[in-house]
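Count along the sequence shown from 1, then add 604; that gives the number in my numbering. Here is the structure we will look at, set down as structure tokens.
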Amino acid sequence: MGHLDHATFGWLTPALSYVMACIGAALGLSCTVRALDTTGRSRRNWLITAASAIGSGIWTMHFIAMLGFGVSGSDIRYNVPLTLLSLLGAMVVVGGGVFAVGYSRDRTRALLLGGLATGLGVASMHYLGMAALRLHGTIHYDPLRVALSVAIAVAAATAALWAALNIKSSRAVALASLVMGAAVSSMHYTGMFAVSVQVAPSGDELPGATTMQFIFPLAVGLGSYLFLTSAFVALSPTARERAAYVYAERAAGPADPDPAAAAQGFTGRGPALRSRRGGVNDHDTSPVTAP
Numbered sequence: 605m606g607h608l609d610h611a612t613f614g615w616l617t618p619a620l621s622y623v624m625a626c627i628g629a630a631l632g633l634s635c636t637v638r639a640l641d642t643t644g645r646s647r648r649n650w651l652i653t654a655a656s657a658i659g660s661g662i663w664t665m666h667f668i669a670m671l672g673f674g675v676s677g678s679d680i681r682y683n684v685p686l687t688l689l690s691l692l693g694a695m696v697v698v699g700g701g702v703f704a705v706g707y708s709r710d711r712t713r714a715l716l717l718g719g720l721a722t723g724l725g726v727a728s729m730h731y732l733g734m735a736a737l738r739l740h741g742t743i744h745y746d747p748l749r750v751a752l753s754v755a756i757a758v759a760a761a762t763a764a765l766w767a768a769l770n771i772k773s774s775r776a777v778a779l780a781s782l783v784m785g786a787a788v789s790s791m792h793y794t795g796m797f798a799v800s801v802q803v804a805p806s807g808d809e810l811p812g813a814t815t816m817q818f819i820f821p822l823a824v825g826l827g828s829y830l831f832l833t834s835a836f837v838a839l840s841p842t843a844r845e846r847a848a849y850v851y852a853e854r855a856a857g858p859a860d861p862d863p864a865a866a867a868q869g870f871t872g873r874g875p876a877l878r879s880r881r882g883g884v885n886d887h888d889t890s891p892v893t894a895p
């Protein structure tokens, strides 16, 4: 039985993976909140951004944590197609969850279905990513811990979607993202503690890419995407801010009349007022005699 080390770089990878999980959750929640305040194409675009943010944030969290994973007696490689499939699968399944919340009229049903779909998306990403792992030996899983990790993923996703439906302030969204980041990290390490490896030493070269060849550059790229998208969301006005801007414009009223015209007495209502007060008809410039 090979010895498993989940933190070969100390607390660096767990801490960094937690930060990425929080960023992905915060961005996804913010986009979902924006989506619920809009309609039509705008709602769809916000929900797509939410799904990509949550999916890529969780994927980045998972593989940053996997940078610190090691097995004594064997090197580790990753199957590239399966690793990419785990990313796309997470986005698609999480997308199903957030779209269920975004378009369903029954919020309770949408919350349950969306939480289940999103949680299963998180879990499927994790275990599909583990299926992409290549080493000299056989990987075994403890079924009870696997089931517990899936339950944690579903509970975390449901709580996050509930927050998106019921929380509007940025401070509350930030707090909810910290909780979701902790839950996603707990799900990851619960799933990793379900793993045991029966090492079979071999001199053959393992197929696939190393973490530094493939996982690290992709994780950095997705991390950059999350930071840039976070900046875009932060700079985009909310529905309440847009409504306040429109209200302020309407309250300001029409622009002041031209000063030169005002000095000569020509205002928008001048001719009509003069015709009523001075007896001048707008269509007849001849003087009017008194009866």
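From the three backbone atoms N, C-alpha and C, an ideal C-beta is built for every residue, glycine too. Just so we're clear, the structure is a prediction, and the values are computed from it rather than from any experiment.
Residue range of the unbroken alpha helix (DSSP H) whose run includes residue i
i: His-740; result: Unbroken run through His-740: none, as it is neither H nor E.
i: Arg-638; result: 616 to 640
i: Met-930; result: The question about residue 930 has no answer, for the chain in this structure spans 605 to 895.
i: Phe-900; result: Examination of residue 900 is not possible in this model, given that the chain is present from 605 through 895 alone.
Option in the options with minimal Cα separation from residue i
i: Ala-751; options: Ala-639, Asp-679, Val-799; result: Val-799
i: Val-837; options: Leu-651, Leu-779, Ala-767, Met-784; result: Leu-651
i: Phe-831; options: Trp-615, Leu-616, Gly-628; result: Gly-628
i: Leu-769; options: Ser-660, Phe-613, Tyr-707, Met-624; result: Tyr-707
i: Ile-662; options: Asp-609, Ala-757, Arg-713; result: Ala-757
i: Ser-656; options: Pro-747, Pro-805, Gly-699; result: Gly-699
i: Val-702; options: Thr-653, Ser-676, Ser-789; result: Thr-653
i: Val-824; options: Ser-676, Arg-648, Leu-620; result: Leu-620
i: Leu-739; options: Arg-711, Val-803, Ser-753, Ser-790; result: Val-803
i: Ser-676; options: Tyr-829, Cys-635, Val-801; result: Val-801
i: Val-684; options: Ala-714, Ser-774, Ala-735, Ala-759; result: Ala-735
i: Phe-673; options: Phe-613, Ala-755, Tyr-829, Met-791; result: Phe-613
i: Ser-774; options: Gln-817, Arg-648, Thr-636; result: Thr-636
i: Arg-709; options: Arg-749, Leu-640, Val-788, His-744; result: Leu-640
i: Met-665; options: Ala-787, Arg-713, Asn-649; result: Ala-787
Spatial distance of residue i from residue j (CA atoms)
i: Ala-694; j: Leu-671; result: 19 Å
i: Met-624; j: Asp-609; result: 21 Å
i: Trp-615; j: Tyr-622; result: 11 Å
i: Ser-660; j: Leu-826; result: 6 Å
i: Ala-642; j: Val-696; result: One point to set straight first is that residue 642 is Thr, not Ala, in the sequence displayed. The alpha-carbon atoms of Thr-642 and Val-696 are separated by roughly 22 Å.
i: Pro-805; j: Arg-638; result: 53 Å
i: Glu-853; j: Ser-840; result: 19 Å
i: Glu-809; j: Ser-678; result: 11 Å
i: Gly-644; j: Leu-692; result: 25 Å
i: Pro-821; j: Ser-646; result: 32 Å
i: Pro-618; j: Thr-794; result: 13 Å
i: Asn-649; j: Ser-828; result: 20 Å
i: Arg-711; j: Ala-855; result: 36 Å
i: Arg-713; j: Thr-815; result: 40 Å
i: Leu-748; j: Pro-811; result: 31 Å
i: Ala-759; j: Gln-817; result: 34 Å
i: Gly-807; j: Ile-680; result: 13 Å
i: Ile-658; j: His-792; result: 15 Å
7 Å CB neighbourhood of residue i in its chain, flanking five on each side removed
i: Leu-717; result: Ala-704
i: Cys-626; result: Ser-781, Leu-782, Gly-785
i: Ile-771; result: Val-777, Ala-780
i: Leu-633; result: Ala-764, Ala-767, Ala-768, Val-777, Ala-780, Ser-781
i: Ala-761; result: Gly-701, Gly-719, Thr-722, Gly-723, Val-726
i: Asp-746; result: Ala-798
i: His-607; result: Ser-676
Own chain, CB closer than 8 Å to residue i, minus 5 neighbours either side, in chain order
i: Ile-819; result: Phe-667, Met-670, Leu-671, Tyr-682, Thr-687, Ala-813
i: Leu-591; result: For the chain, the structure presents residues 605 to 895; residue 591 sits outside this window and is missing.
i: Ala-611; result: Thr-617, Pro-618, Gly-672
i: Thr-742; result: Val-801, Gln-802, Ala-804
i: His-744; result: Val-799, Ser-800, Val-801, Gln-802
Neighbourhood of residue i by C-beta, 6 Å cutoff - its chain only, sequence neighbours within 5 removed
i: Ser-690; result: Met-729, Leu-732, Gly-733
i: Ser-834; result: Leu-631
i: Ser-790; result: Ile-756
i: Val-754; result: Ala-727
i: Met-796; result: His-610
Contact with chain B by residue i, beta-carbon distance below 8 Å
i: Gly-632; result: Absent from the structure: chain B. Only one protein chain is present.
Going along the chain, which unbroken runs of the alpha helix (DSSP H) with 4 or more residues stay wholly within the stretch 727 to 799? Qualifying alpha helix (DSSP H) stretches, in chain order: 747 to 770, 774 to 797.
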